[in-house]
Every structure is written in C-alpha cells, then in structure tokens.
Amino acid sequence: MDCKHIEEKIPAYLEGVLPPDEGKRVEAHVAACPSCRVALEHLVKAGKLVRELEEAEPPPWLKQRVMARVREERERRQGFIRRFFYPLHIKVPVTALATVLVAVFAVYVFKAVEPETTYLRQAPSEPARVATEKDIPKSLAAVPLKVADPEERKERKAVTVSDRKRESEKKEVSSEARAVPLKPAEKDVAERKMASRPEAAPAVSADAAIKEAPVAKRVLSPAKGERAALGAAAKDDVRAPAMAAKIKAAPAVRPGYAFSLYATDPAAVMSDVEKILVESGARKVRREFQDGKGIVTAEIETEKEKEVIEKLKSLGEVREKDKVQEPPAGPITLKIEILSSP
Amino acid sequence: MSKTIEDPKKAVRDEDYEIILSCRRGDDEAFGVLVERHQKKMFNIALRMTGDYDEACEIVQEAFLAAYRAIRKFRGEAKFSTWLYGILVNVSKTRMKQTARHRQKTVSMDDPADGPGEGLAGPEASALETLEKQEIQAKVQHCINTLDEEHREALVLRDIQGFSYNEIAGILSVPEGTIKSRLFRAREAMKNCLKKQLGEL
Chain D
4 MDCKHIEEKI PAYLEGVLPP DEGKRVEAHV AACPSCRVAL EHLVKAGKLV RELEEAEPPP
64 WLKQRVMARV REERERRQGF IRRFFYPLHI KVPVTALATV LVAVFAVYVF KAVEPETTYL
124 RQAPSEPARV ATEKDIPKSL AAVPLKVADP EERKERKAVT VSDRKRESEK KEVSSEARAV
184 PLKPAEKDVA ERKMASRPEA APAVSADAAI KEAPVAKRVL SPAKGERAAL GAAAKDDVRA
244 PAMAAKIKAA PAVRPGYAFS LYATDPAAVM SDVEKILVES GARKVRREFQ DGKGIVTAEI
304 ETEKEKEVIE KLKSLGEVRE KDKVQEPPAG PITLKIEILS SP
Chain E
8 MSKTIEDPKK AVRDEDYEII LSCRRGDDEA FGVLVERHQK KMFNIALRMT GDYDEACEIV
68 QEAFLAAYRA IRKFRGEAKF STWLYGILVN VSKTRMKQTA RHRQKTVSMD DPADGPGEGL
128 AGPEASALET LEKQEIQAKV QHCINTLDEE HREALVLRDI QGFSYNEIAG ILSVPEGTIK
188 SRLFRAREAM KNCLKKQLGE L
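Sequence lines, in order, name chains D and E.
The opening residue of the first sequence carries number 4 in this note's numbering; numbering runs sequentially from there.
The opening residue of the second sequence carries number 8 in this note's numbering; numbering runs sequentially from there.
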C-alpha cells in the first residue's frame, strides 16, 4: 500500500472504524513512513482546532424575536379565520344560507302541521258553504272559503220543490246583497256574531234538511227566530238583507264530532270503520284516502255516537279532536280521521 | 467541545414531548420553553454552517417559526431535537443558496476582524492571546466555509456539535456510512486548508 492510500485511510483509522487488519496495516505504515506520520499528526491537530472552536452565545434578544414572530404567526392565522367568516363576500352567502334554512324549516313545520290546519279550516267552513259560495258576492268570497266539491253540487241539484222555493227566495235576497256588497270587515263582524250564537251551530245543512225534513224544521226554527230578532234590530241597516241571507243559508251549520283514530294500517282499517258506522245506522258515509290518511264522514244519531266510539276503540287509539258540547237530539256529523299510529 | 449527548438527550426527549403537547393545544408559552432549550445549539450550528452571526440569527428565527407552523406534523418518531435540527439545516441550506453571493463577501473570515461577536475569549485572557485565538478561530471558520455543503454539515454536526452518527443520519436523512465518508473527506479538507492558512499545524 502506498502513502496515498494510507493517507486516505487515516481519518477512518483515527475514527476507529477500519477493519482490524486494515487498521494494523495503516499503523505499521505510519510507524515506518515519516510523511504519513506527519499527515496523521496534522489531521489530529486540525481536528483539535475544529473542536476547539468556542461555542457562541446567541444574542439575548433572539428568543424574544422568535416569540414575537410566533405571535405574529398566530395572529395571522386567527386573522385568516376571521377573514374567512366575516368579510362581506362571505357574510352575504352565510346570511343567504341562513335565510334559506329558515324558509325550509318553516315549510317543514307547515307541512307537519298541515293535516291539523286543513281540518280546522274545513270543519267550521263546511256548514256555511252553501251560503258563502252562492250568495256572497265575489268581493267577499276573496276571504278563503273552500269551493264545494262536484259531488256536493250534484246533491244540491236534487233539492225538493219547497227547497227550490227557498232557494229562489235566497237568490232574491242575495241579489240585494250583491247590490249592497258587504265590506269584508262588516262581513267579519256578521260571521262572528253567527259563530257566537249557540243556536246557529246546531242548524243542519240544506241538503240534510231536505231528507230529514222534521228534524231540519226543528233545528231551523231557532235560526228563524234569530233572524226575526236580528231583522228587528237592524231593520234599516244595509247589512240586514245580507244577514238574512246568511241566516237562511245557515242551516248548513251542523254539530259535528271529529275523532282521530290511530291504526297501524289506516287503509285497511277504513273499511272496518265504515262497517261500524253502517252497523250503527249511519247515513251518508263518505270515505276518502289521501297521503296515507283516511277520512270517513258520516251522519249518525247522537245517541249512537258513544257506541261508535267504543267500537272504534277496538281498532286503535281514538282521540277526540273537536266536540260540540251538549248536542241536540238528532243526527250529527261524525268525522273520523284515520292516521297511522305514531 | 465534542460531547456525547445521547444520554442526556434521552431525558430531554420526554420533557420536550410534554411541552410539544402543550404547544399543540395552542400554548405559545410552551413553545417559548422549547426555544429557550434549543436556541443555543441551533444558533451554534447555524453560525458554523454560515460563518455569519447575523445570518445565523435569521436562520434560527426562521427555523423556529417553521417548527412552530409544523409542530402538529411532528409524530414523535424521532427526537424532537433531531426533527428541529433537521429543519434548521434545511433552512440554512435554503438561505445559503439564496444569499450565496452575499455570503462570499461576508465570510472573508481570514480577516480576524470579521469574527468579533463570537465570544471567543474571556476577559482574563491577555490581549495578544485573545487576538491570536481569535485569528486562529477565524481561520478555522474560514476553512469550514470553503467546504462543500455536505462535508460542512457532517463536520459541524459531528466534530463541533458532537452528535452521534445515528443522530446525524436522522437530522440529515442520510445513511450513516455516507455521513462517515463525507466526514472523513471534510476532515482531510480541513487539514489541508488549515495547513495553508496557518503555515504549520
């Protein structure tokens, strides 16, 4: 091995990482070769000089500088978060999104409550339908009133002669009413007056009156009395003719019971409900099924009501929805809503 | 100067670990503890790598800031110090590349006046001794500056900072064998440079 090779090996030899035999060879060569010995000595000295480099102290402000920059960094990051959420170009979409969410929620709530509200809208307006639809001028009809379904129109065609007479009377009066249309507010007052009168409530609808003549008479009589009284009170009042028309049409107001029946299968239970009603001597049994909800309406004698309810209880949970206190004897409308049990 | 740091570092690792957890929770004061603990070594590595006091200060700041930003990425697979010094070495390399020309000017360390801020001698040393020592140290630094980047890293970390080969391999992400061969070449180059600079060793 020549000096060049040995010199190359010296650093590894000094580090003690040469294989033993190679280490021995380098050692032997260095002992014999003065130039290689000098090279080794120089290397040792150079290494010593390097290691003797003194450790420097960092400036005292170094840590403060570092920490100041760290704080800056944190603020910058937080600033970014703030910028992300608050500036106008972000805030506007956020507001818009919030508005949309509120709207969606409102619709959802409305949809959830709708079955209830639909019923509430239907139940009281139904009896007054005959009057409101035909006799009240269009300007008044703007008040939300349900348009009668075709079936009912058909029924109305089949009125008896006496009723036709009455109807023609009604038309006369209503033409008067048209001539002097009620202001919505006035109509409102009139309606409220009607609603507050307990005698008005038991009145039966015109078509019921046709078939149940004796009952209808009985029921209508208080209404007539009422009309007389009203007429006297408001003889020269422009409202009087319209009022009279309304009262005439008021037989539509009829006591009604509404129940909710919760069953596992509303569609299947519907026919059972129908059967029960027929067994209890119900008339005009009508059924409809919509959106997983069945509605059965029928007319039964008041005395039979309890019996029907008891029977319904065997089909599922029955909840009372709307009940007229102390109904008169005679037929009442029963509305059974069949819902799937929660 | 050379120290065996494996054993004390093992103890430090656990200490660092707790503090790192605090840092991750957003405790800036905890990060201050890490700075306090590592700044001296960081500064000395940077100083020997660059040979420039101000540049070393900048590098240390940048490296700490980079560590602060990336502390969530530290998995604890290696020692925190290893990870931190790795960042430091990378920052040094990047900065040195960026300021290569500038460095050529400032590292004329054969002029002894260039290295006054390094705390090279105590007040008890005589003026002559101080001057002589400063001169020698400046020349050593000059020789370090002439080394290739890879050789310099190996020399600074091993012969000046006294890290084990294993630790250096972790810091530089280079196999131990490679580090050794780089180190031997660095030492050889230092010897030749110093011989030239000092006339006789």
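Every residue gets a Cβ at the ideal spot worked out from N, C-alpha and C, and that includes glycine.
None of the values given here were measured: they were computed from a predicted structure.
Query                                                                                                                                                                                      : Result
Is it the case that the Cβ atoms of E:Y172 and E:I186 are separated by a distance below 7 Å?                                                                                               : yes
Can you give me the C-alpha to C-alpha distance between E:A63 and E:T57, rounded to a whole angstrom?                                                                                      : 7 Å
So, D:P61 versus E:F170, is the Cβ gap smaller than 7 Å?                                                                                                                                   : no
Which stretch, first to last residue, makes up the alpha helix (DSSP H) that contains D:P14?                                                                                               : C6 to E18
Counting only beta-carbon atoms, is D:L100 nearer than 7 Å to chain E?                                                                                                                     : no
In or out: D:A261 buried (at least 16 other Cβ within 10 Å) or exposed?                                                                                                                    : buried
Less than 7 Å between the C-beta atoms of D:I341 and D:A285, yes or no?                                                                                                                    : no
Would DSSP call D:F292 helix, strand or coil?                                                                                                                                              : strand
Closest by CA to E:I78, which one among E:L91, E:E160, E:R159 and E:K48?                                                                                                                   : E:L91
So the beta strand (DSSP E) D:E340 belongs to, where does it begin and stop?                                                                                                               : P334 to S343
By the 7 Å beta-carbon criterion, what residues does the segment 60-86 of chain D contribute toward chain E?                                                                               : E60, P61, P62, L65, K66, R68, V69, M70, R72, V73, R74, E76 and R77
With E:V67 and E:A53 assumed to form a contact (beta carbons below 8 Å), what rounded beta-carbon distance in angstroms separates them?                                                    : 5 Å
Can you pull out the residues from the segment 185-197 of chain E whose beta carbon lies closer than 7 Å to at least one beta carbon of chain D?                                           : K187, F191, R194, E195 and M197
Between E:Q144 and chain D, is there a C-beta pair that is closer than 7 Å?                                                                                                                : yes
Helix or strand or just coil, what does DSSP make of D:P205?                                                                                                                               : Annotation note: pLDDT 43 at D:P205 (below 50); position unreliable, coordinate value reported separately. DSSP places D:P205 in coil when its eight states are reduced to three.
I want to verify the contact list: residues of chain D whose CB lies under 7 Å from the CB of E:R31, in sequence order.                                                                    : Those do not exist, as E:R31 stays about 13 Å from chain D at its closest Cβ, beyond 7 Å.
Counting Cβ pairs, one atom from each stretch, are 3 or more of them under 8 Å apart for the segment 289-304 of chain D and the segment 267-275 of chain D?                                : yes
Answer yes if the segment 42-54 of chain D comes into contact with the segment 13-20 of chain D, meaning at least three C-beta pairs across the two stretches below 8 Å, and no otherwise. : yes
Contact defined as beta carbons within less than 8 Å: I believe D:K51 pairs with D:V29. What is the distance between those atoms, to the nearest angstrom?                                 : That pair is no contact at about 20 Å.
Which residues in chain E have a C-beta closer than 7 Å to the C-beta of D:H8? List them in chain order.                                                                                   : Going along chain E, no residue has its Cβ under 7 Å from D:H8, so there is no contact; the nearest lies around 13 Å.
Anything in the segment 94-108 of chain E with a Cβ closer than 9 Å to a Cβ of chain D? List those residues in chain order, please.                                                        : none
If we cut at 7 Å on Cβ distances, does E:F206 have a partner in chain D?                                                                                                                   : The sequence given here has Gly at residue 206 of chain E, not Phe. E:G206 does not count as touching chain D.
Kindly indicate the opening and closing residues of the beta strand (DSSP E) around D:F262.                                                                                                : G259 to A266
Using the beta-carbon of each residue, which ones in chain E are nearer than 7 Å to D:L342?                                                                                                : Ordered by position in chain E, no residue passes the 7 Å Cβ test against D:L342, which lies about 53 Å from the chain.
Assuming D:I335 and D:I303 are in contact, meaning their beta carbons sit under 8 Å apart, how far apart are those beta carbons, in whole angstroms?                                       : 7 Å
Return the bridge partner residues of D:V299 from the DSSP annotation.                                                                                                                     : D:R290 and D:I339
Pull up the distance between the alpha-carbon of D:S317 and that of D:E282, whole angstroms please.                                                                                        : 15 Å
Buried or exposed: which applies to D:L104, given that a residue is buried once 16 or more other Cβ atoms fall within 10 Å of its Cβ?                                                      : exposed
Tell me which residues share the same chain as E:E69 and place their Cβ nearer than 6 Å to its Cβ, disregarding the 5 neighbours each side in the sequence.                                : V98
Could you work out which residues of chain D lie near E:N51, taking near to mean beta carbons separated by less than 7 Å?                                                                  : E58 and A59
Any beta-carbon of chain D closer than 7 Å to the one on E:F170?                                                                                                                           : no
Which residues mark the beginning and the end of the alpha helix (DSSP H) in which D:E30 is found?                                                                                         : P23 to A35
Check whether chain D comes within 7 Å of E:K203, counting only Cβ atoms and requiring the distance to be less than that.                                                                  : no
Could you give the DSSP three-state label for E:T82: helix, strand or coil?                                                                                                                : A small correction: the amino acid at residue 82 of chain E is Arg; Thr does not occupy that position in the sequence shown. Coil.
Measure from the C-beta of D:V33 to each C-beta in chain C and report whether the shortest distance is under 7 Å.                                                                          : Looking at the structure shown, chain C is missing, and the protein chains on hand are D and E.
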